[in-house]
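Just so you know, the UniProt record's numbering puts 49 at position 49 of the sequence shown, and the rest follows in order with no gaps.
Note that the Cβ used here is the ideal one computed from N, Cα and C, for glycine as well.
Note that this is a predicted model, so its numbers are computed, not measured.
A short write-up of the structure that comes next.
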Amino acid sequence: MEEKSVRETLLEIHQSLKPLAELSAAIITQAELQAYTENLYNQLVQVAYDGISYLKKLEVGQIVTQEMVNERDALLARAHRLILDAPNAH
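Okay, structure coming up:
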């Protein structure tokens, strides 16, 4: 049986663990991206609900006030920001 030095044995162990460390890093990166994407999705859903609420308040013949325009612009800005922050956004 071939005797190896402690250094050689440690080097072999390190080389054996390298793929595991790389896989672990990839899994962590994927989990972080998933969490980020879920957060963006949840925020965008909230913007959609807020938009529905805004639209339900509108009635035929209603005078559009500056407050209504400001609310519309704020909703659009939130949606725009979230869409541009999304991974693979164009």
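In this chain, the alpha helix (DSSP H) harbouring G51 covers V6 to K56. Rounded to whole angstroms, the separation of the alpha carbons of E12 and K4 is 10 Å. N70 and L33 have their C-alpha atoms some 33 Å from each other. Distance from the Cα of L55 is smallest, within the candidate group V6, I28, E38 and D73, for D73. DSSP, read as helix, strand or coil, puts V69 in helix. In the displayed model, A86 falls within coil according to three-state DSSP, outside both helix and strand.
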